[in-house]
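Accompanying notes for the structure given below.
Residue numbers (my numbering): 699 to 1084.
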């Protein structure tokens, strides 16, 4: 078996000083400056088209309450936090804290969308009911107000949870692969292709890992029923390695690799049989080298690529300082074994944790760029989730 492909450049870029890394990337990108005018024209046309499109429904709501507003931040914090709240009393307290102090009336009528104005009116009433709990005055009036507040909170909780489900539907395609495929059907008729993955993937135990393996297997079997148009035009799946092993980290690298390579090969063979794409998803920075060990082992397996299957791929995070050397490593891997490897460019999903972990660890720099301008890629695709 040939020696592993050299990763020196990857390792040197791991926590490279940010300004130096940006300067190096700009130097590497200089030849592309020839196409900048055309890229600018395309970008301007896309922006103009987006601005000319009148948002409706949830899109209009998200425009009104974007993350640039206090209200939008409160709603997004609430949406994520409610998923982790174990009991009704805590949910009530959380809703009270996040929504009770906001003056929603300021936004009433400012949108041209009936949906947004109706939602704003509901949130305004919610805030007023919650405010009644803050009444400090004595007397029957105050007692009645507090009673309305108590009676209203279960209703508010259910309404808020329902609203969060609607918001979540903007980012999550479905609770099951069947729901996701059904929702994706109109887009597939337009010629769009989907790569499905599963939210919340993180195996804490071997039982968790086995449950995820079975879920991936069932999803592959279901997607296979919708296949038939080849890798490019059929839906596929993204697999997260940390969902398939509870000790997927550098401290257990040998055990993780020994367990994951045959398991992933078995799943990938199902994808190959259906001629659909099978992507190894990205992980936290400290797990990259272990992921590359596994990817290299799979790509070098001739049996997996019998028949010329071209659906194996990996996700590459643009916010990583190692993104460019990782592309170069992937090119070398593909050429060494004469494979066509699919690469999906994404911005990256672990920015907050990467920065925090680096700070806790006392590192002098981060494995990710800390400014958006160094990361943003106009070609980063959105991913449907199920």
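Positions of the beta carbon are idealized from the N, C-alpha and C atoms, including for glycine.
Whole-angstrom distance between residue j and residue i, CA atom to CA atom
i: residue 884; j: residue 878; result: 11 Å
i: residue 700; j: residue 1028; result: 16 Å
i: residue 1041; j: residue 881; result: 25 Å
i: residue 966; j: residue 908; result: 16 Å
i: residue 989; j: residue 939; result: 8 Å
i: residue 1082; j: residue 872; result: Note that residue 1082 scores a pLDDT of 35, beneath 50, so its modelled location is shaky and nothing firm can be said.
i: residue 901; j: residue 1039; result: 27 Å
i: residue 897; j: residue 977; result: 15 Å
i: residue 941; j: residue 993; result: 16 Å
i: residue 975; j: residue 705; result: 26 Å
i: residue 1084; j: residue 910; result: Confidence at residue 1084 is low in this model, with a pLDDT of 32, below 50, so its placement is unreliable and no value can be given for it.
i: residue 739; j: residue 749; result: 15 Å
i: residue 962; j: residue 936; result: 11 Å
i: residue 729; j: residue 723; result: 11 Å
i: residue 1031; j: residue 788; result: 51 Å
i: residue 953; j: residue 718; result: 36 Å
i: residue 986; j: residue 1045; result: 15 Å
i: residue 979; j: residue 955; result: 16 Å
i: residue 1056; j: residue 1025; result: 24 Å
i: residue 747; j: residue 892; result: 24 Å
i: residue 710; j: residue 792; result: 45 Å
i: residue 912; j: residue 1037; result: 28 Å
i: residue 1086; j: residue 906; result: The requested residue 1086 does not occur in the structure, where the chain is confined to residues 699 to 1084.
i: residue 876; j: residue 951; result: 35 Å
i: residue 727; j: residue 874; result: 41 Å
i: residue 1009; j: residue 785; result: 44 Å
i: residue 1073; j: residue 725; result: 16 Å
i: residue 744; j: residue 731; result: 20 Å
i: residue 890; j: residue 783; result: 36 Å
i: residue 1047; j: residue 981; result: 9 Å
Close Cβ partners of residue i (< 6 Å) along its chain, the five nearest in sequence each way excluded
i: residue 970; result: 1007
i: residue 845; result: In this prediction, residue 845 scores a pLDDT of 41, lower than 50, which makes its location untrustworthy; no coordinate-derived value is stated.
i: residue 903; result: 944
i: residue 928; result: 973
i: residue 983; result: 1052, 1065
i: residue 995; result: 959
Nearest to residue i (by Cα), restricted to the options the options
i: residue 931; options: 728, 888, 939; result: 888
i: residue 960; options: 1002, 894, 903; result: 1002
i: residue 703; options: 1056, 751, 1034; result: 1034
i: residue 997; options: 986, 1012, 984; result: 1012
i: residue 1059; options: 785, 709, 713, 707; result: 713
i: residue 964; options: 951, 999, 984; result: 999
i: residue 1071; options: 710, 720, 711; result: 720
i: residue 870; options: 886, 894, 785; result: 894
Test: residue i CB closer than 8 Å to a CB of chain D
i: residue 901; result: In the displayed structure, chain D is absent; only one protein chain is listed.
Other residues of its chain near residue i: CB distance less than 8 Å, five sequence neighbours each side excluded
i: residue 1005; result: 970
i: residue 968; result: 915, 918, 919, 922
i: residue 1068; result: 716, 1053
i: residue 925; result: 932, 933, 972, 973, 974
Same chain, Cβ closer than 7 Å to residue i, five either side skipped, listed in chain order
i: residue 684; result: Because the chain in this structure spans residues 699 to 1084, residue 684 falls outside the shown range and cannot be described.
i: residue 958; result: 939, 942, 943, 992
i: residue 708; result: 1020, 1023, 1024, 1027
Worksheet item: If we count Cβ pairs, one from each stretch, closer than 8 Å, do we get three or more for the stretch 946-955 versus the stretch 911-920?
Response: no
Practice prompt. Could you say if the stretch 726-736 and the stretch 1040-1056 meet the contact criterion of at least three C-beta pairs nearer than 8 Å?
Written response: no
Item to complete: Spell out a yes or no on whether the stretch 1058-1068 and the stretch 1013-1021 are touching, meaning 3 or more CB-CB pairs, one atom from each, closer than 8 Å.
Response: yes
Worksheet entry | Within the stretch 1034-1075, ranges of the beta strand (DSSP E) (whole runs, at least 3 residues) | 1040-1044
Worksheet entry | Residue ranges of each alpha helix (DSSP H) within the stretch 922-977, 4 or longer | 928-931, 951-972
Worksheet item: Which runs of the beta strand (DSSP E) fall wholly inside the stretch 992-1036 and span at least 3 residues, in chain order?
Response: 1010-1015
Worksheet entry | Those runs of the beta strand (DSSP E) which lie wholly inside the stretch 714-760 and span at least 3 residues | none
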